[in-house]
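In what follows, a structure is listed as structure tokens, so that the remarks can point back to it.
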Amino acid sequence: MTNKQNLKSKTTSDESSKVSQLQQFVTDNAEKALTTNQGLKINDNQNSLKSSDRGATLLEDFILREKITHFDHERIPERIVHARGSGAHGYFQLYESLGKYTKAKFLTNTNVKTPVFVRFSTVAGGAGSTDLARDVRGFAVKFYTEEGNYDLVGNNIPVFFIQDAMKFPDLVHSVKPEPDNAIPQAASAHDTFWDFISLMPEAMHMIMWAMSDRAIPRSLRMMEGFGVHTFKFINEEGKCHFVKFHWKPLLGVHAVAWDEATIISGKDPDFHRRDLWDAIESGNFPEWELGVQIIPEEDEFKFEFDLLDPTKLVPEELVPVKIVGKMTLNKNPDNFFAETEQVAFHPGHLVPGIDFTNDPLLQGRLFSYTDTQLSRLGTPNFHELPINRPVVGIHNNQRDGITRHGISKGKVSYEPNTLGGGCPFQAMMKDGGFTSHNERVDGRKIRNRSSSFLDHFSQAKLFFDSQSKPEQQHIIDAISFELAKVQTVSIRERVVGLLTYINNDLANKVGENLGITPQKPTGQLNMSYPADANPSDYESKIMQMSLKKADSLSMSKTVKDNIKTRQIAFIIANGVDAKATKILKNSLEKEGAVVHFIAPTLAAVNSDDKTTFTPNHTLKSTSSVCFDAVYLGGGKDSSAILAKCPEAIQFINQAYKHCKTIGFGADTEAVFDKTNVKNTKDKDPAVIIGGSDDFVKKFIESVANHRVWELEDQRNNPS
Ligand code: HDE
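So for the sequence shown, the working numbering puts the first residue at 65; every next one is plus one.
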């Protein structure tokens with residue numbers, strides 16, 4: 065077989081191929097004796113070799129030394145950013161061909177299921193930090209396509225803090241724990257971060273997103289994903305279109321409350337990781353639709369902002385998102401380290417039909433990712449790790465290096481050659497070879513920022529103005545919280561001053577919380593710009609902005625038509641009304657929700673008709689923050705027991721504070737009267753009292769709405 069044929073026969077589009085390829089590396093220990101790494105059977109794994117019964121351990125004990133040496137080197141450097149992550153396997157399938165815009169095969173062939181591996185992450189914290197930090201989430205997808213690996217290494221926020229790669233180390237240093245005392249972990253609420261931000265007004269758009277509820281997602285399965293930069297699609301004719309990538313979760317975009325996030329961080333720091341794992345294990349496969357915004361090359365300059373500026377998004381109201389396919393995550397990794405930790409993403413892993421733009425942030429990333437793998441994975445051969453291998457073969461003349469796995473046959477490791485029959489040969493374009501977009505480039509070398517990037521506030525304003533009232537309040541609360549943690553008064557003042565460019569109400573309310581009268585900053589705001597850039601330029605840009613509001617930016621408009629995978633807490637005790645409990649449980653499960661029984665102890669609960677329920681948790685071992693809604697089982701006897709449990713009252717009060725749906729079974733007054741719910745029950749559609757015919761229907765509809773954020777004030781400050 066010639067090499068050319070060989071290449072073709074290895075090309076596979078079968079979704080299971082990556083998973084089956086990985087299976088070749090899985091160690092199956094069933095019915096196997098313990099061995100050393102050399103395959104020698106070990107007959108005592110309990111004791112080291114000693115000179116006598118109570119004697120010193122012998123250096124000769126090669127079995128002990130092998131085991132300890134390997135253990136000593138079990139850790140690798142964690143990622144500089146995005147250290148904390150969770151991954152899953154799945155596949156992507158296209159709904160319709162994008163052949164008009166791109167020649168990428170996985171975007172043109174609707175019959176193909178392309179295997180993917182996705183890693184979600186927080187950015188600032190270390191690998192062992194809490195999932196619920198206020199932070200941007202990484203959303204990195206590796207497509208194992210038939211033309212090689214394509215990585216879409218995005219975030220759950222569509223813009224970035226900075227415009228130029230030169231500032232990335234500064235940004236990251238500022239948000240990481242402060243270098244003298246290594247405090248705080250996984251938090252932006254400290255002086256160095258806000259010091260940097262107060263001097264980088266280009267960050268203000270992303271700050272609005274990071275201070276919004278997008279930064280405390282309910283679940284990794286309920287986040288949007290964005291490619292952030294503008295990329296290029298190139299079709300067979302070489303024609304270019306600009307493209308922005310979007311992932312839209314089928315479950316909608318939902319968040320938790322900030323107070324709730326801080327409690328979850330203590331109760332279950334693995335909340336997101338566990339949620340993703342459990343959903344996949346139980347067959348509730350997370351799904352996202354892929355969307356693209358496509359802009360013809362000739363429209364590059366039609367916008368009020370620069371498409372190359374990563375602090376800007378293209379509002380969906382200006383260029384609609386075209387939904388083109390769906391990604392399904394259907395398999396958890398077999399081994400966290402081998403897969404989730406060792407996966408190596410890179411925005412420079414491209415396939416023909418997709419190309420970069422000159423976005424100066426993206427251009428810097430193209431250097432960083434391979435470089436970081438060299439120190440993290442320790443070898444230029446990281447592509448040989450099972451999780452990183454393309455499903456098509458690798459054929460080149462690269463050789464050797466630390467931990468080389470491939471055994472390259474023959475004498476030839478150069479090209480051109482005759483001794484190897486000219487192989488591996490250069491692919492022709494028609495064979496799927498990569499060719500860069502034939503972009504015209506001429507100009508002078510320059511170390512400067514384009515004046516087209518000089519607009520830091522108009523989209524920050526668009527974002528804030530497009531939020532619902534509760535969402536705006538959450539942003540005000542978040543910035544007030546973060547700045548109250550900042551010790552240096554002048555930093556707080558500078559940030560509040562910048563907020564005046566975005567929205568006066570925002571600036572005044574944050575100012576009020578901090579005891580600061582907002583003052584517009586004077587003079588030059590951004591070190592990165594030439595000295596003649598002055599604040600009035602910002603204002604004129606805001607004035608020119610034609611779009612004043614964009615619904616697509618608000619989470620309040622998200623999907624609210626289902627309760628799939630919602631976690632519902634049923635609080636029960638002996639004597640609980642069995643019939644009502646079963647009816648609600650069955651109805652919720654039919655709609656895809658997950659019911660958990662929570663009781664004072666783990667002993668089986670005897671109901672009023674003598675059937676028993678087995679508790680999943682005790683009131684002391686879990687907390688309302690781990691659930692989406694609460695149902696208090698009906699019945700006088702059960703209520704009498706629960707009314708004496710402070711944890712039951714606390715459970716309901718906390719769910720109430722966090723704007724969740726709360727259902728009360730019939731005859732639960734003994735508990736109800738002790739909770740804060742009694743203050744507002746008549747004015748609160750998410751408090752549902754049992755006994756009525758439409759109880760189940762109302763409960764389900766209310767859970768689907770996720771939260772009654774609009775009642776937060778009323779629930780927390782009853783008049
Ligand atoms: Fe990254 N980024 N980044 N980044 N990034 C890394 O690569 C970097 C940026 C993103 O789950 C690192 O393998 C630079 C934007 C994700 O493994 C590192 C710049 C976006 C992940 C790196 C950026 C991202 C990373 C650390 C500015 C959204 C996690 C470990 C020029 C579009 C991928 C690694 C995973 C990881 C560098 C900016 C997303 C150090 C220099 C913008 C999702 O190479």
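We treat Cβ as the ideally placed atom computed from N, Cα and C, and that holds for glycine.
Here the structure is a predicted model, which means the values were calculated and not measured.
Three or more Cβ pairs drawn from the stretch 280 to 299 and the stretch 198 to 206 lie within less than 8 Å of each other, which places the two stretches in contact. In this structure, DSSP gives H305 an extended state, which the three-state scheme calls strand. F349 sits in coil when the DSSP states are folded into three classes, being neither helix nor strand. For Q523, same chain residues with a beta-carbon under 6 Å away, outside a window of 5 residues either side, are H269 and K376 in chain order.
By the Cβ neighbour-count rule, R183 is buried, with 16 or more other Cβ atoms within 10 Å of its own. Taking 8 Å as the cut-off, the C-beta of P374 counts as close to a heavy atom of the ligand HDE. Listed in chain order, the non-local C-beta contacts of V659 below 7 Å within the same chain comprise I632, F634, K649, L652 and E653, local neighbours out to five positions each way being set aside. Between C690 and D255, the C-beta spacing is not below 9 Å. With contacts defined as CB atoms closer than 9 Å, L562 and S262 qualify as a contacting pair. Scanning the stretch 344 to 432 from its first residue to its last, no whole alpha helix (DSSP H) run of 4-plus residues comes out. Taking a C-beta distance under 9 Å as the contact criterion, K390 and L430 do not qualify as a contact pair.
T675 sits away from F661, with the two beta carbons spaced by 9 Å or more. Around T443, the same chain offers G465, I466 and T467 as residues with beta carbons nearer than 7 Å, after the five sequence neighbours per side are excluded.
Just so you know, the alpha carbons of F367 and A229 end up roughly 23 Å apart.
K624 places its beta carbon 9 Å or farther from that of A321. Here the alpha carbons of S600 and N512 stand approximately 20 Å from one another. Between I451 and V407, the CB-CB gap stays under 9 Å.
Distance from I140 to R440 at the Cβ level is roughly 6 Å; contact confirmed, criterion being Cβ atoms closer than 8 Å. The continuous alpha helix (DSSP H) containing Q523 extends over residues S522 to S530. The continuous beta strand (DSSP E) containing K206 extends over residues R201 to T209. H293 has its Cβ nearer than 8 Å to a heavy atom of the ligand HDE. K312 is the residue among P243, A152, A267 and K312 whose C-alpha sits nearest the C-alpha of K386.
Beyond the five residues adjoining it in sequence on each side, Y155 comes within less than 8 Å, by CB distance, of E79, K177, T178, P179, V180, M391, T392 and N394 in the same chain, given in chain order.
Taking each of D259, A319 and H336 in turn and checking the Cα distance to S193, the smallest one comes out for H336. For T326, the enclosing alpha helix (DSSP H) has its first and last residue at W322 to K331. If the five residues before and after L128 are omitted, its C-beta is found closer than 6 Å to the C-beta atoms of S112, all from its own chain and listed in chain order. A direct Cα-to-Cα measurement between V415 and G189 gives close to 32 Å.
For T552, the three-state secondary structure derived from DSSP is coil. F728: not part of any alpha helix (DSSP H); member of the beta strand (DSSP E) spanning T725 to F728, first to last residue. Looking from the CA of H305, the closest CA among W352, W273, V317 and Q357 belongs to Q357.
If the five residues before and after H469 are omitted, its C-beta is found closer than 8 Å to the C-beta atoms of N445 and E448, all from its own chain and listed in chain order. The beta carbon of D673 lies closer than 8 Å to those of A642 and K643 in the same chain, with the five residues before and after it left out. Annotation for D215: the continuous beta strand (DSSP E) segment containing it runs G212 to N219. Here DSSP, grouped into helix, strand and coil, assigns T436 to helix.
Under the three-state reduction of DSSP, K475 is assigned to coil, being neither helix nor strand.
Excluding its 5 nearest sequence neighbours in each direction, S329 has C-beta neighbours in its own chain below 6 Å: T194 and L196, listed in chain order.
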